[in-house]
Amino acid sequence: MSTNEPKSTPPPKHEASTKQKVLKVLTAAQRYSAPFLSLFVGIHLAAPIAANFGGSELSTNVMLLGREYYQGKYTEPLLLFIPLGIHIGSSVARRLILRPPKRPALVTLTAWAALLAVPIHINIHRIYPSDPAPPISVLSPSELNYEFVKAAFSRWPVFSWVAYGGIASVVLLHAAEGAAIVSRYFTGHGLSKRVRRSVAALAITAVFFGLYKISQEPLRLRGLQLERVNAVYNAFPPHAYLG
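Each residue of the sequence shown is one higher than the one before, counting from 1 in full-length UniProt numbering.
Put into C-alpha coordinates, the structure is as follows:
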(Lines of atoms letter the chains of each structure in order from A and count residues from 1; the text may use other names and numbers.)
(Lines give C-alpha, C1' and ligand atoms only; values in the text may rest on other atoms or scores of the structure.)
Protein backbone atom coordinates (compact mmCIF):
# COMPACT_ATOMS: atom_id res chain seq x y z
CA MET A 1 0.00 0.00 0.00
CA SER A 2 1.52 3.32 -1.07
CA THR A 3 1.72 6.43 1.08
CA ASN A 4 2.38 10.07 0.32
CA GLU A 5 4.20 10.68 3.63
CA PRO A 6 7.85 11.61 3.09
CA LYS A 7 10.36 9.06 4.31
CA SER A 8 12.79 10.14 7.00
CA THR A 9 16.25 10.61 5.61
CA PRO A 10 19.34 9.60 7.55
CA PRO A 11 21.83 12.33 8.46
CA PRO A 12 24.66 12.94 5.99
CA LYS A 13 27.59 10.59 6.39
CA HIS A 14 29.97 13.33 7.49
CA GLU A 15 27.55 14.38 10.28
CA ALA A 16 27.20 10.81 11.51
CA SER A 17 30.98 10.38 11.37
CA THR A 18 31.57 13.58 13.37
CA LYS A 19 29.02 12.49 15.97
CA GLN A 20 30.71 9.11 16.36
CA LYS A 21 34.11 10.76 16.77
CA VAL A 22 32.78 13.11 19.44
CA LEU A 23 31.12 10.21 21.26
CA LYS A 24 34.35 8.23 21.12
CA VAL A 25 36.30 11.08 22.73
CA LEU A 26 33.62 11.65 25.38
CA THR A 27 33.45 7.94 26.16
CA ALA A 28 37.22 7.75 26.58
CA ALA A 29 37.19 10.81 28.86
CA GLN A 30 34.43 9.28 30.96
CA ARG A 31 36.13 5.89 31.25
CA TYR A 32 39.68 7.14 31.91
CA SER A 33 38.56 9.58 34.63
CA ALA A 34 36.56 6.94 36.51
CA PRO A 35 39.48 5.06 38.15
CA PHE A 36 40.75 8.27 39.78
CA LEU A 37 37.35 8.81 41.37
CA SER A 38 37.02 5.17 42.41
CA LEU A 39 40.37 5.38 44.18
CA PHE A 40 39.26 8.53 45.99
CA VAL A 41 35.97 6.91 47.04
CA GLY A 42 37.83 3.88 48.37
CA ILE A 43 40.20 6.04 50.42
CA HIS A 44 37.41 8.33 51.63
CA LEU A 45 35.08 5.53 52.75
CA ALA A 46 37.87 3.49 54.32
CA ALA A 47 37.59 5.85 57.31
CA PRO A 48 34.01 5.03 58.38
CA ILE A 49 34.64 1.34 57.63
CA ALA A 50 37.66 1.47 59.95
CA ALA A 51 35.32 2.43 62.81
CA ASN A 52 34.19 -1.21 62.87
CA PHE A 53 37.64 -2.11 64.19
CA GLY A 54 38.72 0.93 66.22
CA GLY A 55 35.87 3.40 66.58
CA SER A 56 36.03 7.07 65.66
CA GLU A 57 39.67 7.37 66.73
CA LEU A 58 40.81 4.88 64.08
CA SER A 59 38.44 6.48 61.56
CA THR A 60 40.07 9.85 62.14
CA ASN A 61 43.57 8.38 61.76
CA VAL A 62 42.61 6.66 58.50
CA MET A 63 40.98 9.87 57.26
CA LEU A 64 44.10 11.93 58.04
CA LEU A 65 46.25 9.35 56.27
CA GLY A 66 43.97 9.57 53.23
CA ARG A 67 44.27 13.35 53.20
CA GLU A 68 48.02 12.95 52.78
CA TYR A 69 47.25 11.31 49.44
CA TYR A 70 44.73 13.69 47.93
CA GLN A 71 44.61 17.00 49.82
CA GLY A 72 47.83 18.57 48.59
CA LYS A 73 48.06 21.86 46.70
CA TYR A 74 48.55 20.04 43.39
CA THR A 75 47.38 16.51 44.13
CA GLU A 76 43.79 17.43 44.97
CA PRO A 77 43.09 19.19 41.65
CA LEU A 78 44.97 16.52 39.66
CA LEU A 79 43.62 13.46 41.47
CA LEU A 80 40.11 14.63 42.36
CA PHE A 81 38.63 17.84 41.01
CA ILE A 82 39.94 17.66 37.43
CA PRO A 83 38.93 13.98 36.99
CA LEU A 84 35.58 14.78 38.63
CA GLY A 85 34.97 17.68 36.24
CA ILE A 86 35.98 15.57 33.24
CA HIS A 87 33.78 12.68 34.37
CA ILE A 88 30.70 14.82 34.96
CA GLY A 89 31.19 16.92 31.83
CA SER A 90 31.75 13.97 29.51
CA SER A 91 28.87 12.01 31.04
CA VAL A 92 26.40 14.87 30.66
CA ALA A 93 27.60 15.56 27.10
CA ARG A 94 27.18 11.90 26.14
CA ARG A 95 23.68 11.88 27.56
CA LEU A 96 22.77 14.97 25.54
CA ILE A 97 24.02 13.38 22.32
CA LEU A 98 22.66 9.87 22.82
CA ARG A 99 18.97 9.08 22.73
CA PRO A 100 17.74 8.75 26.33
CA PRO A 101 16.73 5.19 27.27
CA LYS A 102 13.12 4.42 28.11
CA ARG A 103 14.22 3.09 31.48
CA PRO A 104 17.32 4.73 33.01
CA ALA A 105 19.95 2.30 34.25
CA LEU A 106 20.99 2.21 37.90
CA VAL A 107 24.33 3.78 37.01
CA THR A 108 22.47 6.77 35.54
CA LEU A 109 20.04 7.13 38.45
CA THR A 110 22.84 7.01 41.01
CA ALA A 111 24.86 9.49 38.95
CA TRP A 112 22.07 12.08 39.12
CA ALA A 113 21.58 11.41 42.83
CA ALA A 114 25.31 11.85 43.46
CA LEU A 115 25.29 15.05 41.42
CA LEU A 116 22.81 16.44 43.98
CA ALA A 117 24.39 14.97 47.12
CA VAL A 118 28.11 15.55 46.53
CA PRO A 119 27.96 19.39 46.33
CA ILE A 120 26.05 19.46 49.63
CA HIS A 121 28.67 17.21 51.21
CA ILE A 122 31.49 19.43 49.91
CA ASN A 123 29.79 22.57 51.22
CA ILE A 124 29.34 21.14 54.71
CA HIS A 125 32.81 19.61 54.96
CA ARG A 126 34.92 22.10 53.01
CA ILE A 127 33.19 25.40 52.17
CA TYR A 128 31.21 26.27 55.31
CA PRO A 129 34.05 25.37 57.73
CA SER A 130 36.32 27.89 55.96
CA ASP A 131 34.05 30.82 56.87
CA PRO A 132 36.23 33.33 58.80
CA ALA A 133 33.25 35.03 60.44
CA PRO A 134 32.24 34.00 63.98
CA PRO A 135 31.02 31.70 65.35
CA ILE A 136 32.68 29.38 62.81
CA SER A 137 35.96 31.35 62.57
CA VAL A 138 37.56 28.81 60.20
CA LEU A 139 37.72 25.24 61.43
CA SER A 140 41.20 23.79 61.00
CA PRO A 141 41.66 20.48 59.13
CA SER A 142 42.36 18.75 62.44
CA GLU A 143 38.94 19.88 63.71
CA LEU A 144 37.21 18.30 60.71
CA ASN A 145 37.60 14.83 62.16
CA TYR A 146 35.04 12.22 63.19
CA GLU A 147 34.03 14.26 66.23
CA PHE A 148 32.65 16.64 63.59
CA VAL A 149 30.60 13.77 62.15
CA LYS A 150 29.60 12.62 65.63
CA ALA A 151 28.23 16.08 66.39
CA ALA A 152 25.82 15.75 63.47
CA PHE A 153 24.57 12.36 64.66
CA SER A 154 24.20 13.73 68.18
CA ARG A 155 21.99 16.70 67.22
CA TRP A 156 20.35 15.58 63.95
CA PRO A 157 20.35 11.76 64.14
CA VAL A 158 17.67 10.96 61.56
CA PHE A 159 18.82 13.56 59.05
CA SER A 160 22.45 12.50 59.49
CA TRP A 161 21.60 8.87 58.75
CA VAL A 162 19.79 9.96 55.60
CA ALA A 163 22.62 12.29 54.56
CA TYR A 164 25.70 10.18 55.33
CA GLY A 165 24.08 6.82 54.66
CA GLY A 166 22.45 8.14 51.51
CA ILE A 167 25.56 9.59 49.91
CA ALA A 168 27.62 6.49 50.77
CA SER A 169 24.98 4.19 49.25
CA VAL A 170 24.56 6.26 46.10
CA VAL A 171 28.29 6.64 45.48
CA LEU A 172 29.09 2.97 46.14
CA LEU A 173 26.27 1.74 43.90
CA HIS A 174 27.42 4.10 41.15
CA ALA A 175 31.02 2.96 41.57
CA ALA A 176 30.06 -0.72 41.38
CA GLU A 177 27.88 -0.26 38.30
CA GLY A 178 30.48 1.98 36.70
CA ALA A 179 33.26 -0.52 37.41
CA ALA A 180 31.49 -3.06 35.22
CA ILE A 181 31.28 -0.54 32.37
CA VAL A 182 34.92 0.51 32.72
CA SER A 183 36.05 -3.12 32.93
CA ARG A 184 34.18 -3.92 29.73
CA TYR A 185 35.71 -0.88 28.03
CA PHE A 186 39.31 -1.78 28.88
CA THR A 187 39.22 -5.59 28.91
CA GLY A 188 36.13 -6.55 26.94
CA HIS A 189 34.75 -8.33 30.00
CA GLY A 190 32.35 -6.75 32.47
CA LEU A 191 31.23 -7.80 35.92
CA SER A 192 28.06 -9.78 36.43
CA LYS A 193 25.11 -8.05 38.02
CA ARG A 194 25.30 -10.43 40.97
CA VAL A 195 28.97 -9.69 41.63
CA ARG A 196 28.74 -5.90 41.41
CA ARG A 197 25.56 -5.69 43.49
CA SER A 198 27.04 -8.03 46.13
CA VAL A 199 30.24 -5.98 46.38
CA ALA A 200 28.24 -2.76 46.67
CA ALA A 201 25.97 -4.28 49.33
CA LEU A 202 28.94 -5.48 51.40
CA ALA A 203 30.65 -2.09 51.21
CA ILE A 204 27.46 -0.22 52.10
CA THR A 205 26.85 -2.56 55.04
CA ALA A 206 30.40 -2.01 56.31
CA VAL A 207 29.96 1.78 56.08
CA PHE A 208 26.61 1.65 57.88
CA PHE A 209 27.97 -0.47 60.74
CA GLY A 210 30.92 1.91 61.03
CA LEU A 211 28.64 4.94 61.14
CA TYR A 212 26.49 3.20 63.74
CA LYS A 213 29.50 2.58 65.96
CA ILE A 214 30.58 6.22 65.58
CA SER A 215 27.07 7.49 66.36
CA GLN A 216 26.95 5.47 69.59
CA GLU A 217 30.13 6.95 71.04
CA PRO A 218 29.91 9.82 73.52
CA LEU A 219 30.49 13.25 71.99
CA ARG A 220 33.70 14.86 73.23
CA LEU A 221 33.09 18.33 71.81
CA ARG A 222 32.03 20.92 74.37
CA GLY A 223 31.47 24.65 74.71
CA LEU A 224 32.74 26.99 72.01
CA GLN A 225 34.18 24.16 69.93
CA LEU A 226 30.78 22.44 69.71
CA GLU A 227 29.10 25.78 68.99
CA ARG A 228 31.43 26.36 66.04
CA VAL A 229 30.76 22.89 64.63
CA ASN A 230 27.00 23.29 65.02
CA ALA A 231 27.26 26.65 63.23
CA VAL A 232 28.82 24.87 60.25
CA TYR A 233 25.92 22.44 60.05
CA ASN A 234 23.38 25.22 60.57
CA ALA A 235 24.78 26.99 57.51
CA PHE A 236 22.93 24.29 55.56
CA PRO A 237 19.24 25.34 55.74
CA PRO A 238 17.71 21.91 56.56
CA HIS A 239 19.92 21.64 59.65
CA ALA A 240 18.93 25.13 60.78
CA TYR A 241 15.25 24.33 60.20
CA LEU A 242 15.42 21.07 62.15
CA GLY A 243 17.25 22.85 64.97
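Glycine is no exception: its CB is placed at the ideal position from the N, C-alpha and C atoms.
Just so you know, these numbers come straight off a predicted model, no measurement behind them.
So Ala175 and Val41 are supposed to be a Cβ contact under 8 angstroms. How far apart are they, rounded? The pair is a contact, with the Cβ atoms about 5 angstroms apart (cut-off 8 angstroms).
For Phe159, the first and last residue of its enclosing alpha helix (DSSP H): Where Phe159 is concerned, the enclosing alpha helix (DSSP H) stretches over Pro157 to Ser160.
7 angstroms Cβ shell around Leu173 - same chain, five flanking residues per side excluded: The residues are Leu106, Thr110 and Ala200.
From Tyr74 to Gly85, what does the alpha carbon distance come to, in whole angstroms? Those two C-alpha atoms are separated by around 16 angstroms.
DSSP three-state label for His189, please. DSSP places His189 outside both helix and strand once states are collapsed to three, so it counts as coil.
C-beta atoms of His87 and Ala34 nearer than 8 angstroms: It is a contact, given that the beta carbons lie within the stated cut-off.
Please report how far the alpha carbon of Ile204 lies from the alpha carbon of Ser169, in whole angstroms. Cα to Cα, Ile204 sits roughly 6 angstroms from Ser169.
List the endpoints of the continuous alpha helix (DSSP H) containing Gly72. Bounds of any alpha helix (DSSP H) do not take in Gly72, whose DSSP letter is neither H nor E.
Own chain partners of Ala117 with C-beta closer than 7 angstroms, once the 5 adjacent residues on each side are dropped: The answer, listed in chain order, is Gly166, Ile167 and Val170.
For Ile124, collect the residues of the same chain with a Cβ closer than 6 angstroms to its Cβ; drop the 5 residues on either side in sequence, then sort them by chain order. Setting aside the 5 residues that flank it on each side, Ile124 is surrounded in the same chain by Phe236, each with a C-beta closer than 6 angstroms to its C-beta; the list follows chain order.
Whether Leu45 touches Val162 by CB criterion (8 angstroms): It is not a contact, given that the beta carbons lie outside the stated cut-off.
Among Gln30, Ala151, Gly210 and Arg99, nearest to Val62 - alpha-carbon criterion: If we check each option's Cα against that of Val62, Gly210 comes out closest.
Helix, strand or coil for Arg196, going by three-state DSSP, please let me know. DSSP, read as helix, strand or coil, puts Arg196 in helix.
Unbroken alpha helix (DSSP H) run spanning Ser91, endpoints: From DSSP, the alpha helix (DSSP H) with Ser91 extends over Ile82 to Ile97.
Report the residue from Leu242, Gln225, Lys193 and Arg126 whose alpha carbon sits nearest the alpha carbon of Arg155. Considering only alpha carbons, the answer is Leu242.
Among the candidates Gly223, Arg222 and Ser215, whose CA atom is the shortest distance from the CA of Glu57? Taking each of Gly223, Arg222 and Ser215 in turn and checking the Cα distance to Glu57, the smallest one comes out for Ser215.
I'd like the list of long-range same chain contacts for Tyr128, defined as Cβ closer than 6 angstroms, with 5 residues on each side in sequence excluded. If we look at Tyr128 and ignore the five residues flanking it on each side, its Cβ neighbours are Val232 and Ala235.
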